[in-house]
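Report on the structure given below.
Protein chains: 2
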Amino acid sequence: MKKIHIVGIGLLGGSFALALKKAMPEIVFTGHDASEKNLSDALALGLINEARTEADPDTDIVILATPADTLPKILETTLNQTGENTLIIDFGSTKATLCKAVENHPQRSRYLAGHPIAGTEYSGPKAAMESLLDRKVFIICEMEKTDVHLKGMAYEVLEALNMKLRFMDPEEHDAQLAFVSHLSHISSFMLGKTVLDKMEDDKNVFDMAGSGFASTVRLAKSSPAMWAPIMLENKKNIIEGLNRYITNLSKFRDKIQDDDFEGLFQEMQKINKIRDILDLS
Amino acid sequence: MKKIHIVGIGLLGGSFALALKKAMPEIVFTGHDASEKNLSDALALGLINEARTEADPDTDIVILATPADTLPKILETTLNQTGENTLIIDFGSTKATLCKAVENHPQRSRYLAGHPIAGTEYSGPKAAMESLLDRKVFIICEMEKTDVHLKGMAYEVLEALNMKLRFMDPEEHDAQLAFVSHLSHISSFMLGKTVLDKMEDDKNVFDMAGSGFASTVRLAKSSPAMWAPIMLENKKNIIEGLNRYITNLSKFRDKIQDDDFEGLFQEMQKINKIRDILDLS
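Order-wise, the sequence lines are chains A and B.
Counting from 466, one number per residue, gives the positions in the first sequence under the numbering used here.
Counting from 466, one number per residue, gives the positions in the second sequence under the numbering used here.
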């Protein structure tokens, strides 16, 4: 493998480049970003070797790491622009819309639908970290639709990054991620909003916040440019998750209202089993 | 200062002892715990020097670090049992009920209502850490009701632990903590429940969970024995916070339902200012 082109050199695209430069130092990285500032930061930080608006013809892999709503168009354009030996992988957080958008594209077999389960609340090339993807899960959807030879290059790269592969269909992916990722972001944003609004009565309320609050509200620092599109792309599943979450909160509130000590205790004790599940993973 | 007695030698009581043993090695620690297992663990771990059901007459400070619902009775008993030179400090997460319970006690001036803003999702003496209280906020309520001489001992100890003192009245304390602590715990428990229930459809849902989910759901590992009492003690404020949180979640869901990209984007961008507030504190 000689050349990789990255479109969108932010937290994910940049971390991918940093880690792979270390694991496979022979690879040349070119890249593009819609933001000139991000592009010049990415060059200055050495995340890419060269800025190019399009991938060179001898590019082995093009990585698309832009916000979810931009991916269908960029994926289609990139499939049209690149040649038969170039594999295109996206890193988008939702998969059903994108897989549907290219299902009839004559070059569909040169695309691999991917999703690295990794991130922080920060964004942009300066947030990139060499360790971000290390030993994380990488989900591949519709793997049978990707050319077997080109897919080999993806496995080579993902193995070099120590990523753990999981395979699932796009609808299953979106349904699961709504619960374990998208819902967390909403719960965190709305907790942040609730306490920010409380500041209007109590100016010093944040002074009393401990590490527990910081942990639950951390994701409220996330980028709206990345997250607003995800909310709409995965609308159906997220609304289902949110409705269940709101119902659970309302029932818990009613138990408090009814002074139901035993009910609250039992409920929290049951949920405590998440300790074992999380500590295993 | 020569002797401190700790009632409830778990995460908080144990961490207090560990840190103070280092800062003031001349102090002898005695202690009691309702759980025999906790008591023997505390002795084995060297958190206390000696197990005693009651404080010795020459004890300078008694620390009460038991669940919120047990505190009114333990505080009253301890005020009755101890002599005029002993200060009693509690570490409870709610303050209004407790301050009210002892407002007419003839020995009220030997009590200091405290709350260290520190914790983890773990509990018991084995969870104790020397660094837990270091540079954390310690809230004192109704400080004017505590004898000035006895209060001096509290300041000496809290300064030795590098704690930052804040003073407020019990009602203000409970109103603020409902938002920055108690609500976080509920949001986390209910997020945990929502995803655990989802496991019934999708057995492997947790396999897809990343660090963001782990962060928002961390507090769902917390002890029900500690948290069920807090929910009821601070009922009014928590229900107010929960209602606001549920309203915010419902409005955000409606924006998703209406495909209101701009509304979602603006809302998340406004909440992003929590970055500056949290990074300052």
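A virtual CB, placed ideally from N, CA and C, is assigned to each residue, including glycine.
Item: Can you give me, in chain order, the residues of the stretch 676 to 696 of chain B that have a beta carbon less than 7 Å from any beta carbon in chain A?; Value: G677, F678, A679, S680, T681, V682, R683, L684, A685, K686, P689, W692, A693 and M696
Item: Going by alpha carbons, who is nearest to I742(A) out of V682(B), K735(B) and L743(B)?; Value: V682(B)
Item: Please identify the residue among D639(B), T611(B), H638(B) and F603(B) whose C-alpha is closest to the C-alpha of E624(B).; Value: F603(B)
Item: Report the three-state DSSP secondary structure of M633(B) (helix, strand or coil).; Value: strand
Item: Mind pulling the chain A residues with CB within less than 7 Å of K700(B)?; Value: I721
Item: Counting along the chain, where does the beta strand (DSSP E) carrying H580(A) start and finish?; Value: Y576 to P581
Item: Evaluate contact between the stretch 476 to 487 of chain A and the stretch 568 to 586 of chain A, counting only Cβ atoms and requiring at least three cross-stretch pairs below 8 Å.; Value: yes
Item: Starting from K658(B), find everything on chain A with Cβ-Cβ shorter than 7 Å and list it in chain order.; Value: N713 and I736
Item: Under 9 Å between C-beta atoms, does E586(A) make it to chain B?; Value: yes
Item: Taking CB distances under 9 Å as the criterion, tell me whether M733(B) reaches chain A.; Value: yes
Item: State the CB to CB distance for the pair L707(A) and R709(B), rounded to an integer number of angstroms; the pair is presumed to be in contact (CB under 8 Å).; Value: With a Cβ gap of about 16 Å, L707(A) and R709(B) do not count as contacting.
Item: Does the beta carbon of M594(B) come closer than 9 Å to any beta carbon on chain A?; Value: no
Item: Restricting to Cα atoms, I'd like to know which of R573(A), E549(A), N569(A) and P537(A) is closest to F556(A).; Value: P537(A)
Item: Name the DSSP bridge partner or partners of I553(B)?; Value: V527(B) and Y576(B)
Item: Determine, using beta carbons only, whether N627(B) comes closer than 9 Å to chain A.; Value: no
Item: Can you pull the chain A residues whose beta carbon is under 7 Å from the beta carbon of F726(B), in chain order?; Value: A693 and L697
Item: Hey, could you find the ends of the beta strand (DSSP E) G478(B) is sitting in?; Value: G478(B) -> not in any beta strand (DSSP E); alpha helix (DSSP H) instead, spanning L476 to A488.
Item: If we ignore side chains and look at the alpha-carbon of each, how far apart do A484(B) and H647(B) end up?; Value: 26 Å
Item: In whole angstroms, what is the alpha-carbon distance linking N737(B) and H650(A)?; Value: 12 Å
Item: What are the residues that DSSP puts in a beta bridge with K738(B)?; Value: Partner(s): none; K738(B) has no beta bridge.
Item: If you reduce the DSSP assignment to three classes, tell me which class I695(B) lands in.; Value: helix
Item: Have a look at the DSSP bridge pairing and note the partners of A516(B).; Value: G496(B)
Item: Find the residues of chain A that neighbour F671(B), judging by a C-beta separation of less than 8 Å, and give them in chain order.; Value: V645, I742, L743 and S746
Item: T495(A) to D525(A), Cα distance in whole Å?; Value: 11 Å
Item: Mind reading off the beta-carbon distance from D634(B) to E607(B)? Whole number of angstroms is fine, and I expect it under 8 Å.; Value: 7 Å
Item: Between the alpha carbons of L577(B) and A507(B), how many angstroms are there, rounded?; Value: 25 Å
Item: Comparing alpha-carbon positions, which option in W692(B), M733(B) and G548(B) lies nearest K716(B)?; Value: M733(B)
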